[in-house]
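So the number in my numbering is just where the residue sits in the sequence shown, counting from 1, plus 5.
Note that the Cβ used here is the ideal one computed from N, Cα and C, for glycine as well.
Following: one structure in structure tokens, then a few remarks.
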Amino acid sequence: MDSLAVLSLLAIAPIALVGVLLAGFRWPAKYAMPVGYVVTVLIAMFVWEMRPGAVAAATVEGVIIAVTLLYIVFGALLLLSTVIASGAMSTIRAGFTSISPDRRIQAIIIGWLFGSFIEGASGFGTPAAVVAPLMLALGFPAMAAVMVGLIIQSTPVSFGAVGTPMIVGVGQGLSGDPGVAAREAELGMTHLEYVAYIASQVSVIHAIAGLLIPLIISVMLTGFFGERRSFAEGLSIWPFAIYSSLAMTVPYVLLAHLAGPEFPSLIGGLVGLALVMFTSSKGFLMPKETFEFGPRSTWEERWMGSLDTDHLDELAHRKMGIVTAWTPYVIIAVLLLATRLIPPLTGALRADNPFVTIPFNNIFNSGISTTWQWLYSPGTVFIITCLITYALHRMDGQQIRETWTVAGKQILGTAVALGFAVPLVRILIRSGADFTESGLASMPVTLAEGAAAVAGANWPLISPWIGALGAFVAGSNTVSNLTFALFQFATGEEIGVAPETVVATQAVGGAGGNPVAIHNIVAASATVGLLGREGDLIRKTALVTFYYCLVAGSVGYFMIYGVGLAGVIHTAVLVAILVGTLWWMLNREKKLPAARTHADA
């Protein structure tokens, strides 16, 4: 079987199956992912002829990675339990209410700006693990909090973790190839300069796509979770939303062009947060009418997580200064920055010794290896922060025990979904020639090759979708770039266009695919106790991924070819599809009053 079309269909089959089960049939991930895993194993072994030992090793590798993700989720849950039990969250909530009680404003400030800063410092799902629990405790429905936490993992992602998706993903993905070296010589650049050049293009495309992300957050918040289910309520704050977007993206683009890929999200998010917090406190561009969710008793049961935040008002009598209350989040920011930006400390936490970096070498003699740098993990940062907070907030033994009990109970429900989702992903990625008898390219690369064969010169319109596919599968923009950067470069050269621009659209698409990455959704949902609702979330966040790939493809096409008829038609058709889908989803949501409310439960 060597037909590229047939192989491409088989390669996408596990992904399509999981998508249909989650979004179409609304299966919980703990049921959908085991089915997807079995189908992936069968296709890998009987079509790609992946060696049984390699399948087993990739599965073990996936389980190890799942444990590292669960460690981060546990830390986030512990932090949330700690700031609630200490009474800090009551003070934080009052502080945000004093700036603006409007939920749209709070979502943009916390999600878009604070989340961008956290993404710039740490990446790898940390923003959702911080933002979603914080918003839950402020009074957002659990599903709304997770939705916002996932949406913001788009624009800042390409420069997350101090530029890792660009420096490691694109940089290593293109390293050592003769064609890339020839292009660098043609442009008179070193490899690092070439990566920075690609990053500058990435920042421009992101800034254009990201211009509307705060507004999209507002629109989706009011359209899906508002009492009137009104998109107009979200659109009405467009001046504030656009201003908040520019407050982050202007320094973001400038830094990408002037300083390289390390700091656009980190400093852009920090500058935007400081600016918007200050101007908001002065009433600048604040809406005249305040948006609030309906009474909690009217919320649909599917919006609700299992974490209890109803007793926050009972803790309001515990007097705590606003600075003391925010101290845990300041500690997190400082520790993340220190562990990522101070080379001696970074080196010590990532040292090649068994205590710091736990090795899993040559699993089942397959050639597959992985490691766990547990001290460098954001999970450790969260746990250390909690230990410090116990002392700072003078928590007693009973309160401390309660925080660990609550976090431990919540993490158990996530283990099955992640325990199958990540092994599925690792089998897809490891299905290449190194671990098979067929000599075929891996399933994701085969699928990309099939798409390239169909697209031809219109490839720049399609390339972001391949980046999104990589992120959907791997849950990581860095891995998506490592997997597809060289393929995208070669495709760009083959059709005779600037390959660096094609690679840039890959990187942007990879960032745009993060909101629909299955194990990102599972992990983010776990931080607020929202289990079994992955399908509902992916229906919503898919709109953001579609929008992002649409804009990235159109902008990339225009950067390469200018404003041509094909690009205009493509953009118009996809905009129509996106608007139609959004309209259908809103009408469908409005027809679900029969869904049980919290009061009925």
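Only counting the same chain, and skipping five residues up and downstream in sequence, which positions put a Cβ closer than 6 Å to that of Lys-545? What you label residue 545 is simply residue 540 of the sequence shown in a count that begins at 1. Cβ neighbours of Lys-545 beyond the five flanking positions: Met-152.
Among Gly-215, Gln-206, Val-508, Val-361, nearest to Leu-491 - alpha-carbon criterion: What you label residue 491 is simply residue 486 of the sequence shown in a count that begins at 1. Nearest option by C-alpha distance: Val-508.
In chain order, what are the residue ranges of uninterrupted alpha helix (DSSP H) at least 4 long that sit wholly in the segment 328-386? Those alpha helix (DSSP H) runs which fall completely within the segment 328-386 and span 4+ residues are 348-354.
Going by the DSSP bridge assignment, what does Thr-441 pair with across the sheet? Locating residue 441 in the sequence shown gives position 436, where the first residue counts as 1. Per DSSP, Met-55.
Tell me the residue span of the alpha helix (DSSP H) that contains Gln-511. The sequence position of residue 511 within the sequence shown is 506, counting from 1. Looking at the DSSP string, the run of the alpha helix (DSSP H) that includes Gln-511 is 504-517.
Per DSSP, what kind of secondary structure is Glu-232 in: helix, strand or coil? Start at 1 with the first residue of the sequence shown, and residue 232 comes out as number 227. Three-state DSSP puts Glu-232 in coil, outside helix and strand.
Just to confirm before moving on: does the CB-CB distance between Pro-183 and Gln-158 stay below 7 Å? For this step, residue 183 is matched to residue 178 along the sequence shown. For this step, residue 158 is matched to residue 153 along the sequence shown. Not a contact, by the Cβ cut-off of 7 Å.
Could you give the DSSP three-state label for Glu-407: helix, strand or coil? Walking along the sequence shown from the start, residue 407 turns up at place 402. Note: Glu-407 maps to helix in three-state DSSP.
Would the beta-carbon of Val-513 fall within 7 Å of that of Val-207? The sequence position of residue 513 within the sequence shown is 508, counting from 1. The sequence position of residue 207 within the sequence shown is 202, counting from 1. A contact, by the Cβ cut-off of 7 Å.
Using the C-alpha atoms, what's the distance from Gln-493 back to Leu-466? Taking the sequence shown and counting its residues from 1, one reaches residue 466 at position 461. Taking the sequence shown and counting its residues from 1, one reaches residue 493 at position 488. Distance from the CA of Leu-466 to the CA of Gln-493, rounded to the nearest whole angstrom, comes to 12 Å.
For the alpha helix (DSSP H) containing Ser-250, list its first residue and its last residue. Here residue 250 refers to the residue found at position 245 of the sequence shown. Taken as a continuous stretch (DSSP letters only), the alpha helix (DSSP H) holding Ser-250 covers 243-263.
Any heavy atom of the ligand GDP closer than 6 Å to the CB of Glu-232? Annotation note on the ligand GDP: not contained in the displayed structure, which lists no ligands.
Starting from the C-beta of Thr-451, find all residues in its chain whose C-beta is less than 8 Å away, skip the five residues before and the five after it, and write them out in chain order. By one-based count along the sequence shown, residue 451 stands at place 446. Cβ within range, chain order: Leu-9, Leu-12, Ser-13, Ala-16, Leu-445.
Assign Ser-270 to one of two classes, buried (16 or more other C-beta atoms within 10 Å of its C-beta) or exposed (fewer than that). Numbered from its first residue, the sequence shown carries residue 270 at position 265. So Ser-270 ends up on the buried side.
Going by Cα to Cα distance, which pick from Thr-488, Val-484, Val-568 is closest to Gly-165? In the sequence shown, the residue the question calls residue 165 occupies position 160. Comparing Cα-Cα distances from Gly-165 to each of Thr-488, Val-484, Val-568, the minimum goes to Val-484.
Taking only the alpha-carbon atoms, compute the straight-line gap between Ile-405 and Val-136 and give it to the nearest angstrom. The residue you call residue 405 lines up with position 400 of the sequence shown. The residue you call residue 136 lines up with position 131 of the sequence shown. Cα atoms of Ile-405 and Val-136: separation of roughly 22 Å, rounded to the nearest angstrom.
What does the alpha-carbon distance come out to for the pair Thr-4 and Val-533? The displayed coordinates of the chain run from 6 to 606. Any statement about residue 4 would go beyond what the structure contains.
Helix, strand or coil, according to DSSP, for Ser-13 in the structure here? As a first step, residue 13 is located in the sequence shown; it is residue number 8 there, counting from the start. In this structure, Ser-13 counts as helix in the three-state DSSP scheme.
contact_flag[the segment 219-233, the segment 258-266] where n(CB pairs < 8 Å) is 3 or more: no
With a cut-off of 8 Å, do at least 3 Cβ pairs link the segment 192-202 to the segment 515-526? no
Buried or exposed: Ser-371, going by 16 or more other Cβ atoms within 10 Å of its Cβ? The sequence position of residue 371 within the sequence shown is 366, counting from 1. Result: buried.
Please report the residue range of the alpha helix (DSSP H) in which Gln-177 lies. Your numbering for residue 177 matches position 172 in the sequence shown. Secondary structure note for Gln-177: its alpha helix (DSSP H) is the uninterrupted segment 176-179.
Are the CB atoms of Gly-310 and Leu-535 nearer to each other than 7 Å? Residue 310 sits at position 305 when you count from the first residue of the sequence shown. Residue 535 sits at position 530 when you count from the first residue of the sequence shown. For Gly-310 and Leu-535, yes; Cβs fall inside 7 Å.
By a C-beta neighbour count over all protein chains shown, 10 Å radius and 16 as the cutoff for buried, is Ile-110 buried or exposed? Position 105 of the sequence shown, counted from the first residue, corresponds to residue 110. Counting Cβ neighbours within 10 Å, Ile-110 comes out buried, since at least 16 surround it.
Kindly indicate which three-state DSSP category Glu-306 falls into: helix, strand or coil? The residue labelled residue 306 in the question sits at position 301 within the sequence shown. Reduced to three states, the DSSP call for Glu-306 is helix.
In three-state terms, what does DSSP make of Ala-18? What you label residue 18 is simply residue 13 of the sequence shown in a count that begins at 1. Looking at Ala-18 - three-state DSSP - the assignment turns out to be helix.
For Pro-504 and Leu-155, the rounded distance between their alpha carbons: By 1-based counting over the sequence shown, the position of residue 155 is 150. By 1-based counting over the sequence shown, the position of residue 504 is 499. Here the alpha carbons of Pro-504 and Leu-155 stand approximately 30 Å from one another.
According to DSSP, simplified to helix, strand and coil, what is Asp-541? Start at 1 with the first residue of the sequence shown, and residue 541 comes out as number 536. Here Asp-541 sits in helix by DSSP.
On the three-state DSSP scale, how would you describe Gly-24? Within the sequence shown, numbered from 1, the residue matching residue 24 stands at position 19. In the structure shown, Gly-24 sits in a helix (DSSP, three-state: H, G or I).
Euclidean distance between Cα positions of Gly-418 and Ala-462: As a working note, residue 418 is residue 413 in the sequence shown. As a working note, residue 462 is residue 457 in the sequence shown. Rounded to whole angstroms, Gly-418 to Ala-462 spans 47 Å at the Cα level.
Ser-270 lies in the alpha helix (DSSP H); which residues open and close that run? Translated into the one-based positions of the sequence shown, residue 270 becomes position 265. Taken as a continuous stretch (DSSP letters only), the alpha helix (DSSP H) holding Ser-270 covers 269-286.
Given Leu-280, which residues of its chain have a CB within under 7 Å of its CB, disregarding the five upstream and five downstream residues? Counted from its first residue, the sequence shown places residue 280 at position 275. Excluding sequence neighbours, Leu-280 sits near Ala-252.
Beta-carbon proximity check, Ala-112 vs Leu-226, cutoff 7 Å: Within the sequence shown, residue 112 is the residue found at index 107, counting from 1. Within the sequence shown, residue 226 is the residue found at index 221, counting from 1. Yes, the Cβ-Cβ distance between Ala-112 and Leu-226 is below 7 Å.
Using the C-alpha atoms, what's the distance from Ala-557 back to Ile-565? For this step, residue 565 is matched to residue 560 along the sequence shown. For this step, residue 557 is matched to residue 552 along the sequence shown. Taking the straight line joining both Cα atoms gives about 12 Å.
Assess contact between the segment 33-52 and the segment 424-435, defined as three or more Cβ pairs (one per stretch) separated by less than 8 Å. Is contact present? yes
Three-state secondary structure assigned by DSSP to Ala-321: Mapped onto the sequence shown, residue 321 falls at position 316. Note that Ala-321 scores a pLDDT of 48, beneath 50, so its modelled location is shaky and nothing firm can be said.
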